[in-house]
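Everything below concerns the one structure shown next.
Numbering (the numbering used here), first residue to last: 169 to 426.
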């Protein structure tokens with residue numbers, strides 16, 4: 169895959185709080201060496217980690233509430249507003265918690281919600297974590313996660329039922345790539361308008377993909393289906409932003425080998 173292609177940006181998402189709801193975007197302003205702005209800016213600590221907001225560093229996802237282990241998170245509906253820093257959590261369509269994550273009092277209110285509602289999942293007192301510009305990603309480097317909708321369609325054939333693309337919790341969903349072609353793009357550059365992204369890693373899928381993002385049911389076995397069919401558990405790629413700019417829905421994507 170090099171030069172022009174028929175690929176386009178089908179969808180853009182960020183996940184303000186790790187493990188909570190996806191937030192659809194019409195566009196995203198990407199900066200070199202950064203993530204999608206606001207992506208995984210917060211996490212709910214599950215037992216003490218020693219995280220220092222003044223010197224934030226990577227911790228594995230097992231140290232936080234997360235879908236791989238805590239599928240009940242998918243039954244929550246959350247909304248985050250950048251301007252007010254207010255996080256709203258709904259359960260069954262009803263507001264269960266609402267607080268300003270920019271204040272100690274607000275973070276404490278969200279912590280009380282999880283201490284009460286997720287007591288069986290917790291290994292210690294929950295704590296809302298945030299670091300200046302830190303992203304609580306599943307990988308240490310700052311990246312944009314990308315899913316090929318052609319590969320999602322291929323997985324539907326493997327498991328003989330529909331597969332919601334949000335099971336993969338990607339930032340950018342691509343339409344127009346052949347199934348699994350993204351796995352051959354390591355070292356390639358993606359051009360989306362003025363933006364340049366360098367593909368740096370394939371994504372190894374964990375059991376979070378088994379959780380239905382709408383119901384919270386653990387109803388599929390996607391990693392093992394991948395392993396049986398393809399001999400690996402990879403689906404999707406991580407890319408680093410080399411040249412910044414704005415990415416929009418329906419933007420074309422070109423792929424180059426430099």
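Yeah, the Cβ is synthetic: ideal placement off N, Cα and C, and Gly gets one too.
Please read these numbers as outputs of a predicted model, since none were measured by experiment.
query, result
"Quick check: what's the CA-CA separation for residue 334 versus residue 287?", "26 Å"
"Return the first residue and the last residue of the alpha helix (DSSP H) that residue 318 is part of.", "317-327"
"What's the call for residue 400, buried or exposed, on a 16-neighbour Cβ count within 10 Å?", "exposed"
"Look at residue 350 and residue 404 and say whether their C-beta atoms are less than 8 Å apart.", "yes"
"Is it buried or exposed, residue 275, if we count other Cβ atoms within 10 angstroms and call 16 or more buried?", "buried"
"If contacts are defined as beta-carbon pairs under 8 Å, then residue 297 and residue 183 qualify, I think. What distance do you get, rounded to the angstrom?", "Wrong, their Cβ atoms sit about 14 Å apart, outside the cutoff."
"Pick out whichever of 249, 215, 389 and 362 has its Cα sitting closest to the Cα of residue 412.", "362"
"Which one of 313, 285, 199 and 318 has the shortest CA to CA distance from residue 294?", "285"
"Quick one: what does DSSP say residue 275 is sitting in, helix, strand or coil?", "helix"
"How far does the alpha helix (DSSP H) with residue 390 in it reach, from first residue to last?", "390-398"
"Considering only the alpha carbon of each residue, which of 257, 366 and 250 lies closest to residue 188?", "257"
"In chain order, what residues of the same chain lie with their CB nearer than 8 Å to the CB of residue 192, ignoring the 5 residues before and after it?", "179, 180 and 181"
"Any contact of the segment 374-387 with the segment 341-356, i.e. 3+ C-beta pairs under 8 Å?", "no"
"Given a threshold of 16 other Cβ atoms within 10 Å of its Cβ, counted over all protein chains shown, does residue 328 qualify as buried or as exposed?", "exposed"
"Using the Cα positions of residue 263 and residue 245, report the straight-line distance between them to the nearest angstrom.", "9 Å"
"At which residue ranges does the segment 172-211 contain complete beta strand (DSSP E) runs of 3 or more residues, listed in the order of the chain?", "176-182, 191-193 and 195-198"
"In this structure, what does DSSP give as the bridge partners for residue 232?", "213"
"So, at 8 Å on beta carbons, what are the nonlocal neighbours of residue 169 in its own chain, with the 5 sequence-adjacent residues on each side left out?", "With a pLDDT of 45 at residue 169, under the threshold of 50, the modelled position of this residue cannot be trusted; read the value that follows with caution. Contacts found: 345, 349, 352, 353, 356 and 423."
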